[in-house]
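Position 26 of the sequence shown, counting from 1, maps to 36 under my numbering, and the rest follow consecutively.
Glycine included, each C-beta is placed from N, C-alpha and C at the ideal position.
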Amino acid sequence: MLHIIDWLKRINNGVAVAAGLVLLACVLLILIDILLREFGISFGGSEEISGYVMAAVSSWGICYALTEKAHVRIDVIRNKGVAAGRSIFDLIALAATSYVAVYAAYYVMPVVEKTLKRNSLANTSLETPLIIPQSIWMAGWIWFAITSCVLLVCAFWLVIKQKHSQVNDMIGTETE
Numbered sequence: 011m012l013h014i015i016d017w018l019k020r021i022n023n024g025v026a027v028a029a030g031l032v033l034l035a036c037v038l039l040i041l042i043d044i045l046l047r048e049f050g051i052s053f054g055g056s057e058e059i060s061g062y063v064m065a066a067v068s069s070w071g072i073c074y075a076l077t078e079k080a081h082v083r084i085d086v087i088r089n090k091g092v093a094a095g096r097s098i099f100d101l102i103a104l105a106a107t108s109y110v111a112v113y114a115a116y117y118v119m120p121v122v123e124k125t126l127k128r129n130s131l132a133n134t135s136l137e138t139p140l141i142i143p144q145s146i147w148m149a150g151w152i153w154f155a156i157t158s159c160v161l162l163v164c165a166f167w168l169v170i171k172q173k174h175s176q177v178n179d180m181i182g183t184e185t186e
C-alpha cells in the first residue's frame, strides 16, 4: 500500500518541478516582453499565456500540495484525540477533499467538451485554440481527483488495519 503512495509522491514531485519550470519560463517571457516595450517592441500575448499557465499550474499544483500534506486544515479537535480518532478526522478531511476534486473534475469536462465542439478560439490577438489550455487545466483536475481518491482508499485500508501512525504519516497534519 505504501509503495502506491511513494509512486504518487514521485509523480507529483515531478509535476511540481515541471510546473515550477513552466512558471519560471512564464516569468522570463513577461520580463522579456516588459524590457522590449522600453524599445517600442512587443511580441504581445504574455498576459494571455501567463493566465493559461496560472490555471494549469494551479490545477496540477494542488496534487503536489496534497501528497506533501501542505493543504491548510484547522485541526483543534483532531490534535486532542487519540491515534484512532485522529485517523478518523484525517479520513473525513480527505473524503471531503476527494469529493470536491471529483466534483470539480466532473464539471470541468463539459466545459472542455463544449470548447472542442465549437472549436473555440481566444478573443485575443493570439487566437489561441482554447482546447489546448483547457485540456491541460482539465487534466490537472482529473489527476487531483485520482490522487485524492487513491490516497483515500489507501488511508481507509490502513485505518481498517489499525496502522494509525502510517495514516498520520500519509495524510495527517503537521503541527507547528
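Handout entry: Own chain, CB closer than 8 Å to F99, minus 5 neighbours either side, in chain order
Key = Cβ neighbours of F99 beyond the five flanking positions: D85, I87, R88 and G91.
Handout entry: Buried/exposed call for W17, threshold 16 Cβ in 10 Å
Key = Counting the other CB atoms within 10 Å of its CB gives W17 a total below 16, which places it among the exposed residues.
Problem - Contained alpha helix (DSSP H) runs [length at least 4] in the stretch 124-174, N- to C-terminal order - result: The qualifying runs are 141-170.
Handout entry: Expected contact under 8 Å - CB spacing of T9 and R83 to nearest Å
Key = Because the chain is modelled from 11 through 186, residue 9 falls outside the range shown and cannot be assessed.
Problem - Best match in L126, L76, V118 and V25 for proximity to A106 [C-alpha to C-alpha] - result: Ranking L126, L76, V118 and V25 by Cα distance to A106 puts L76 first.
Exercise for the section: Taking the CB atoms as reference points, tell me whether V112 and A65 lie closer together than 7 Å. Expected result: Contact: no.
Practice task
Would you please state the rounded distance, in angstroms, between the beta carbons of G150 and S60? I believe it to be under 8 Å.
Solution key: Wrong, their Cβ atoms sit about 16 Å apart, outside the cutoff.
Practice task
Would you please state the rounded distance, in angstroms, between the beta carbons of E58 and A132? I believe it to be under 8 Å.
Solution key: Cβ atoms of E58 and A132 come within 8 Å of each other, at about 6 Å.
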